[in-house]
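Shown next, in C-alpha cells, is the structure this report addresses.
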Ligand SMILES: NC(=O)c1ccc[n+]([C@@H]2O[C@H](COP(=O)([O-])OP(=O)(O)OC[C@H]3O[C@@H](n4cnc5c(N)ncnc54)[C@H](OP(=O)(O)O)[C@@H]3O)[C@@H](O)[C@H]2O)c1
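Residue numbers (this note's numbering): 31 to 194.
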C-alpha cells in the first residue's frame, strides 16, 4: 500500500485558513512545504487549488471537484476519494495538501502527518484541520522556529502500528 502523508500548517485551535487564504504568512514554512512536497504528487480540493498563485513546479497536481472544470493541462481532475487513490496508485508517497474538507476525508487513510504547529490563534478562521487522537500517533518534533514574532514548530506524526 502507498504512503499517504497529510501536510498542513495549523494554529492552536487547528485553524487552517480564512477567506480561502492562509492565515499566517511564514516564508520559511513555505520553503519547508516545498522541500517536503517536491517531486511528489500533491492532492488538493478545488478551493485550495484556486488559492495557489499557480501550478507548483515539479509536482503532479491531483485536484478534487464534483464539477467538470477546464483546469491547467498539468492538473489531473478527480471526482472522488476512490478516484484519487486509484490515479495515484503508482506513487510511493502521496502528499495531501488540503484544504479542510480534504484533510477530513483522508485522515483515516493517512499514515503520516507533517504539521507546522503555530503558537497563535485566529478567531475569524473559517477552515480547520480535523481533530485527531494523539494516542494513535508517534510524535517527533523536527524543529522549533520563530519568524516575525510567530513561534512555530515542525512536527511529524507517524501512525502507531496496531498490536495484534
Ligand atoms: N494551513 C494550511 O496548511 C492549508 C492548506 C491547504 C488549504 N488551506 C486553507 O483551507 C481552506 C480551503 O479548504 P476548503 O475545505 O474550503 O476547500 P478544499 O478542501 O480545498 O476544496 C473543497 C472542494 O473540493 C471538492 N471536493 C471535496 N471533496 C470531494 C470529493 N470527495 N469528491 C469530489 N469533490 C470533492 C468540492 O469541490 P466542488 O464544489 O467543485 O465539487 C469542495 O467544495 C482555505 O482557507 C485554504 O487557505 C490551508
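Ideal placement from N, C-alpha and C gives every residue a C-beta, glycine not left out.
Given the structure is predicted, the values throughout are model-derived calculations rather than measurements.
### Message
Taking 8 Å as the threshold (C-beta atoms), are residue 38 and residue 115 in contact?
### Response
Result no, Cβ atoms of residue 115 and residue 38 do not sit closer than 8 Å.
### Query
Helix, strand or coil: which one does DSSP assign to residue 119?
The answer is coil: DSSP assigns residue 119 none of H, G, I, E or B.
### Task
Please state whether DSSP places residue 137 in a helix, a strand or coil.
The answer is coil: DSSP assigns residue 137 none of H, G, I, E or B.
### Query
Exposed or buried, residue 68, counting other C-beta atoms within 10 Å across all chains shown (16 or more means buried)?
Flag for residue 68 reads exposed.
### Message
Any contact between the region 124-141 and the region 57-76? By contact I mean 3 or more CB pairs, one from each, below 8 Å.
### Response
Yes, since at least three Cβ pairs between the region 124-141 and the region 57-76 fall closer than 8 Å, the two stretches touch.
### Message
Looking at the strands, I want to know which residues DSSP matches up with residue 92.
### Response
Answer is 73, 106.
### Query
Under the three-state reduction of DSSP, which class applies to residue 64: helix, strand or coil?
Residue 64: helix per DSSP, three-state reduction.
### Task
Out of 83, 110, 155, 141, state which residue places its alpha-carbon closest to the alpha-carbon of residue 191.
In terms of CA proximity to residue 191, 141 leads the group 83, 110, 155, 141.
### Query
So does the region 156-166 actually touch the region 103-117, counting three or more Cβ pairs closer than 8 Å?
Put simply, the region 156-166 does not touch the region 103-117. Fewer than three CB pairs are less than 8 Å apart.
### Query
Can residue 95 be considered in contact with ligand 1, in the sense that its beta carbon sits closer than 7 Å to one or more heavy atoms?
Checking the Cβ of residue 95 against ligand 1 gives yes.
### Nearest-angstrom Cα separation, counted from residue 85 out to residue 91
Looking at the two C-alpha atoms, the distance is approximately 8 Å.
### Task
Report yes if the C-beta of residue 125 is less than 7 Å from at least one heavy atom of ligand 1; otherwise report no.
No, the Cβ of residue 125 stays beyond 7 Å of every heavy atom of ligand 1.
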